[in-house]
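Numbering (the working numbering), first residue to last: 8 to 140. For each residue, glycine too, the CB sits at the ideal point set by N, CA and C. What follows is a single structure, written as structure tokens, with notes after it.
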């Protein structure tokens, strides 16, 4: 909590110093200036509701980067098997899930699929033996 307050204080002091210096604001921040007109940028209420998404839609370089379209999609076949789950690879991003938890879930899923497939093979072999006998 203390670190958060220190960072917040630094940001407030920096923002105040920037506004007090009289330097023009970057084009992306004109909507945040006191007394800004609607034509200058997003309305503050819009930004409050839309957050970073409102800034990202403007294409001004603020916010998260859009996903890379050249990456292959992460797909599993209609009937996934344990090797299919083992072969799944996800792209890296700024935010995401804890890798150790994802790895554990995928390992458990692969083991469950392998166990299911082994049981199906066993039952099919028993059925074939009964039909033959």
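Between the C-alpha atoms of residue 114 and residue 125 there is a straight-line separation of about 16 Å.
Burial state of residue 117 is buried, judged by a 10 Å Cβ sphere holding 16 or more other Cβ atoms. In this structure, residue 94 keeps its C-beta atom at 9 Å or more from the C-beta atom of residue 121. For residue 128, the uninterrupted alpha helix (DSSP H) segment begins and ends at 106 to 139. In this structure, the alpha-carbon of residue 83 lies about 11 Å from that of residue 96.
Using a Cβ distance threshold of 9 Å, residue 81 and residue 98 count as a contacting pair. In this chain, the alpha helix (DSSP H) harbouring residue 26 covers 9 to 28. Taking each of 127, 130, 129, 92 in turn and checking the Cα distance to residue 112, the smallest one comes out for 92.
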